[in-house]
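Basically our numbering = 1-based index in the sequence shown + 38. For each residue, glycine too, the CB sits at the ideal point set by N, CA and C. For clarity, every value in this text was computed on a predicted model and none was experimentally measured.
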Amino acid sequence: MKILHTSDWHLGRRPVGGIGEYSNIRYEDYFNAAEYIVDIAIEKKIDVFIIAGDLFDRSSLLPDILFKTEKILEKLRNNNIKTLLIEGNHDKIYTHEDSWIKYLENKGLVMVPEFKKENEKYIFTPIKIEDINFYGIPYQGVVIDEVLITLSQQLDRDKKNIIITHTGIGGNFIPGCTKSGIIDFFKDKVLYMAGGHLHSYSQYPKDNPYFFVPGCPEYWDLNENGEKGCIIFDTLTKEHAFFESKKRKLSSYDLIYSDTFFDELNKIQIEKNEIIRLKIINESNKLIENEKIEKILKEKGALKVDILVKYKIEKDFVNSEELDIKDIEKRLLNHGKIYILKMLKKQQNI
Ligand SMILES: [Mn+2]
């Protein structure tokens, strides 16, 4: 059986505060990225298509979002590809019964493996396709580890199991994420674990990986780093292959705000409708002419110019003898705070 695993389509998303051309183009980008993955599935003759949560960006939908989503999912159905879907944190209303995922299930466009909590017990009901059991765990927030441990204890070593879960390995920092130690409990009990929630590609463990996160096919946020795509897994050969997604071109540049700044800016080669992220290092503390910079890059074809200005920070050299313990504490706290902020920013957006 050939499986394609994708996640975090975030259909319906628009940039923050977005109206106008940029917002409309980005709105379409998410549908285009999703359809590109569906086309890969059709071309590669996939049997089962897995979407591991966050199909939609919001739990309440405008009619056009639903219309476009149904058209994409119908393409899979028309090609006899079974689609399995779970809810992510972005799709969830209060219960599964209230969500648009339930509507798609009722329309026969997707199948959702049942998961519920009854009398303080978690109940997993897999969907069986051929000889493989597909389990689903929608977004769980802080109890994700507990739910995963419970499922791992119920799994039979000899059975062929695939787990779909809206989580990634992110330790304690990112809400709804799990830890590698929890994924270890599934070793030898699963053929494959289809994760999500994080927006860049990852796999675990290093040798013979079985837990995968494909990443959001489009940039949910322009800060996102890393690869994005989908994974095709063959249940017979146990081989997996990564396919990069089709997303809007985004280029980043770092420029110093010096006398030659505008010459350097003019040298940038821009593809039509690409997004430009420009980090300006302002060592002279001169006023940055944002509008002028944006205009120049837009005239060269940029769809959007995202400017980040970094001001020169006073050098932190001090005579250590002049420092008292309070001073050191203060500095440590400040640096620690900056370090943690940087680290959090580096983590993927969820
Ligand atoms: Mn997401």
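Taking each of Lys227, Ile318 and Tyr160 in turn and checking the Cα distance to Glu152, the smallest one comes out for Tyr160. In chain order, Ile220 and Phe223 place their CB closer than 8 Å to the CB of Ile187, counting only its own chain and leaving out the 5 sequence neighbours on each side.
For Arg315, the closest C-alpha among the options Glu337, Ser289 and Thr298 is that of Ser289. Nearest in C-alpha terms to Asn320, of all of Lys276, Asp297, Asp272 and Tyr248, is Asp297.
Runs of the beta strand (DSSP E) spanning 3 or more residues and lying entirely within the region 75-122 occur at 86-89, in chain order.
Look at Asp183 here: in three-state DSSP terms it is helix. Remark: C-beta atoms of Val185 and Gln192 do not approach each other more closely than 8 Å. Asp344 is the residue among Glu329, Asp344 and Leu123 whose C-alpha sits nearest the C-alpha of Lys317. For Asp344, no alpha helix (DSSP H) encloses it; the enclosing beta strand (DSSP E) starts and ends at Lys342 to Tyr349. Between the C-alpha atoms of Asn199 and Lys227 there is a straight-line separation of about 7 Å. For Phe211, there is no enclosing alpha helix (DSSP H), since its DSSP letter is neither H nor E.
Contact between Gly126 and Asp92 holds, with the beta-carbon distance rounding to 3 Å and staying under 8 Å. When the beta-carbon positions are compared, Asn263 and Ser238 come within less than 8 Å of each other. Only residues of its own chain outside the window of five on either side were considered, and among them Ile269 and Phe271 have a CB closer than 6 Å to the CB of His278, listed in chain order. Taking the Cα positions, Lys40 is about 49 Å away from Glu302. Contact between the region 72-79 and the region 52-59 is absent, with fewer than three C-beta pairs closer than 8 Å. For Glu302, the enclosing alpha helix (DSSP H) stretches over residues Phe299 to Lys305. Ranked by how close their Cα comes to the Cα of Glu265, the residues Leu122, Thr273, Pro255 and Asp259 have Pro255 in first place. In chain order, Lys40 place their CB closer than 7 Å to the CB of Lys83, counting only its own chain and leaving out the 5 sequence neighbours on each side. For Gly174, there is no enclosing alpha helix (DSSP H); the enclosing beta strand (DSSP E) covers residues Ile170 to Ile175. Closest in alpha carbon position to Ile182, among Val148, Ile170, Tyr141 and His235, is His235.
Taken atom to atom, the span from the alpha-carbon of Leu335 to that of Phe299 is near 13 Å. Val347 has its alpha-carbon roughly 11 Å from the corresponding atom of Glu327. Here the alpha carbons of Ser322 and Phe105 stand approximately 52 Å from one another. About 7 Å separates the Cβ atoms of Trp47 and Ile89, confirming a contact at the 8 Å cut-off.
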